[in-house]
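Down below is the structure, laid out as structure tokens.
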Amino acid sequence: MVLNDPSLLHEQCYIDGKWLSANSGEAVAIANPATQEILGHVPVMGAAETQAAIDAANKALPAWRALTAKERSVKLRRWFELLHENADDLALMMTSEQGKPLAEAKGEVVYAASFIEWFAEEAKRVYGDTIPGHQGDKRITVIKQPVGVTAAITPWNFPAAMITRKAAPALAAGCTMVVKPAPQTPFTALALAELAHRAGIPDGVFSVITGDAVAIGNTLCESPIVRKLSFTGSTNVGIKLMAQCAPTLKKLSLELGGNAPFIVFDDADLDAAVDGAMIAKYRNAGQTCVCANRIYVQAGVYDAFVNKFSAAVAKLTVGNGANDGITIGPLINADAVAKVQSHLNDAVAKGANIVVGGKPHQLGGFFFEPTILRDVDKTMRVAREETFGPLAPVFKFENIDDVIKQANDTEFGLAAYFYGRDISLVYKVAEALEYGMVGVNTGLISTEVAPFGGIKSSGLGREGSKFGIEEYLEMKYICMSV
Ligand code: ADP
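Quick note: the sequence shown uses UniProt numbering, first residue 1, plus one each step.
In structure tokens, the structure reads:
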């Protein structure tokens with residue numbers, strides 16, 4: 001990994017504006033999932049260092065909160081610009097530690113930066129309200145104030161965007177934040193801290209701590225100083241963290257697993273549906289929580305869709321995401337490969353047929369062939385579990401009510417997609433899908449201007465959009481007798 005600016009690569013944590021090693025001196029190696037090459041080491045911090053980061057965030061809070069929204073906005077704007085100015089290095093760092101193709105990594109840098117830009121602007125639009133008094137002498141106003149010290153725990157699949165989607169609204173609102181990035185992708189997080197530092201974000205306002213997830217998580221959850229936790233990751237861990245936060249009644253945002261249906265109706269534009277399926281399924285090698293997990297195609301176009309989809313998948317190029325022309329990188333680790341293989345084996349054993357792919361890639365390591373399965377049914381694990389890999393099971397359905405029932409037959413409710421052109425069908429289906437986000441005739445729904453989030457076991461709260469900043473604000477009502 002040869003960076004234009006090597007000073008973006010930090011092997012220490014950023015706490016209270018200082019670069020620090022673990023108290024124990026312990027560090028852990030971070031490997032490139034494409035090559036297994038060691039990229040560097042990061043500290044293994046625990047409870048004591050986490051407490052120091054919380055205390056620093058608490059100490060920094062009064063001055064940060066007291067700035068005008070515009071003053072905070074100016075610093076955030078600079079942070080946004082620095083992400084763009086360093087986009088090539090950030091993208092290379094992300095590809096090196098996470099595996100996604102460089103073009104996708106660059107796309108993520110832009111996406112990550114967009115949250116900072118958006119919330120730098122929203123900071124100035126935190127409006128309150130005035131309410132006609134309930135008695136002649138009463139004047140009622142509602143103001144919004146930052147919740148205080150906040151924490152974020154983030155996953156490896158979007159090493160930059162999952163941090164900025166939380167930190168930008170928090171800092172814009174006047175909160176301070178301690179971030180624990182995923183153990184697989186700490187360098188991107190630490191580079192964001194370096195850029196926050198260069199942007200003039202004051203010491204303690206934004207800290208990044210790596211190490212023992214359980215010790216750091218416990219300390220963040222149990223702390224009465226931390227007033228909010230925002231987590232993106234698996235539903236199991238989200239449930240654990242919610243329970244851990246209960247005694248201190250923290251505000252919570254949880255963006256958890258998905259099991260997205262992708263429905264193609266008989267009247268759909270099939271070429272557009274294939275393009276959408278390619279993005280919704282194979283982006284980041286299938287490792288996003290909004291990835292199409294179950295593809296339902298109506299009987300009249302089933303064979304035609306499978307043929308066109310297979311032709312498109314056959315053109316994907318698997319390899320090290322840092323190389324030119326690669327469209328599918330490695331999976332994050334051996335467990336991820338094993339999960340894809342086990343879903344595939346289960347489906348094939350129960351009668352599914354492999355159309356393309358179907359095995360680990362000849363490159364070995366964590367590479368897996370982009371795969372399509374046909375003749376899939378609801379008895380198979382692919383119908384119920386999130387695969388989180390480049391495996392597309394294609395189910396056949398006959399009628400609309402039946403496919404809506406199947407699409408909703410999951411504990412999850414994050415994203416859903418469908419393709420169809422009958423306007424009354426579009427409305428009916430969009431309303432009937434029990435999901436927080438629905439893409440109609442598009443496979444790409446993520447943007448900083450819209451509220452991202454799920455229902456049911458996919459979580460709580462929304463990120464991005466004008467709603468995203470509300471998660472970091474408390475409402476206060478002031479009743480004045482005149
Ligand atoms: P994934 O399976 O995609 O890695 P996880 O939910 O395990 O998803 O991880 C998401 C984030 O949650 C990571 O930063 C991880 O270190 C963290 N994490 C995992 N387990 C715990 C825990 N018990 N307490 C706090 N954080 C945790």
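Virtual Cβ for every residue (Gly too), placed ideally from N, Cα, C.
Remember, it's a predicted structure, so these values are computed and weren't measured experimentally.
According to DSSP, what are the bridge partners of residue i?
| i | result |
| --- | --- |
| residue 129 | 142 |
| residue 41 | 29 |
| residue 261 | 294 |
| residue 232 | 255 |
| residue 152 | 179 and 230 |
| residue 480 | 139 |
| residue 221 | Answer is none; residue 221 lacks a bridge partner. |
| residue 13 | 20 |
| residue 54 | In DSSP, residue 54 forms no bridge with anything. |
| residue 207 | 178 |
| residue 376 | 395 |
| residue 459 | 255 |
| residue 510 | Residue coverage of the chain in this structure runs from 1 to 482, which leaves residue 510 outside it and unanswerable. |
| residue 371 | 391 |
| residue 452 | 463 |
Is residue j closer than 8 angstroms to residue i when the C-beta atoms are compared?
| i | j | result |
| --- | --- | --- |
| residue 282 | residue 390 | yes |
| residue 178 | residue 209 | yes |
| residue 60 | residue 258 | no |
| residue 80 | residue 120 | yes |
| residue 458 | residue 138 | no |
| residue 396 | residue 477 | no |
| residue 206 | residue 193 | yes |
| residue 1 | residue 92 | yes |
| residue 472 | residue 155 | no |
| residue 387 | residue 293 | yes |
| residue 375 | residue 351 | yes |
| residue 425 | residue 400 | yes |
| residue 235 | residue 256 | yes |
| residue 54 | residue 42 | no |
| residue 164 | residue 103 | no |
| residue 463 | residue 166 | yes |
| residue 429 | residue 420 | yes |
| residue 101 | residue 366 | no |
| residue 184 | residue 38 | no |
| residue 187 | residue 71 | no |
| residue 182 | residue 115 | no |
| residue 82 | residue 199 | yes |
| residue 354 | residue 379 | no |
| residue 393 | residue 414 | no |
| residue 64 | residue 176 | yes |
For my contact list, residue i and residue j are in at a C-beta cut-off of 8 angstroms; report their separation, rounded to the angstrom.
| i | j | result |
| --- | --- | --- |
| residue 305 | residue 264 | 6 angstroms |
| residue 148 | residue 78 | Not quite, the Cβ-Cβ distance comes to about 24 angstroms (not below 8 angstroms), so this is no contact. |
| residue 465 | residue 440 | In fact, because the Cβ distance is near 18 angstroms, the residues do not count as touching under 8 angstroms. |
| residue 11 | residue 46 | Going by Cβ atoms, the distance from residue 11 to residue 46 rounds to 17 angstroms, so no, they are not a contact pair. |
| residue 159 | residue 189 | 7 angstroms |
| residue 124 | residue 153 | Not quite, the Cβ-Cβ distance comes to about 29 angstroms (not below 8 angstroms), so this is no contact. |
| residue 229 | residue 172 | Actually they do not touch by this definition, with Cβ atoms about 18 angstroms apart. |
| residue 69 | residue 142 | About 17 angstroms; that fails the 8 angstroms criterion. |
| residue 238 | residue 249 | Actually they are not in contact, since the Cβ atoms of residue 238 and residue 249 sit about 17 angstroms apart, beyond 8 angstroms. |
| residue 360 | residue 382 | That belief does not hold up - the Cβ atoms of residue 360 and residue 382 are roughly 18 angstroms apart, past 8 angstroms. |
| residue 266 | residue 308 | Not a contact, Cβ separation roughly 15 angstroms. |
| residue 348 | residue 310 | Rounded, the Cβ-Cβ distance is 16 angstroms, inconsistent with contact. |
| residue 385 | residue 408 | Not really, about 16 angstroms apart at Cβ, beyond 8 angstroms. |
| residue 66 | residue 44 | Not quite, the Cβ-Cβ distance comes to about 35 angstroms (not below 8 angstroms), so this is no contact. |
Problem - Around the ligand ADP, Cβ to any heavy atom closer than 5 angstroms, ordered along the chain - result: This criterion selects 153, 155, 182, 213, 214, 217, 233, 234 and 237.
Handout entry: Residue ranges of each beta strand (DSSP E) within the region 270 to 301, 3 or longer
Key = 292 to 298
Practice task
Ignoring anything shorter than 4 residues or poking outside the region 408 to 450, list the alpha helix (DSSP H) runs there in chain order.
Solution key: 423 to 432
Practice task
Could you tell me which uninterrupted alpha helix (DSSP H) segments, each at least 4 residues in length, are contained entirely in the region 290 to 368, listed from first to last along the chain?
Solution key: 302 to 314 and 334 to 349
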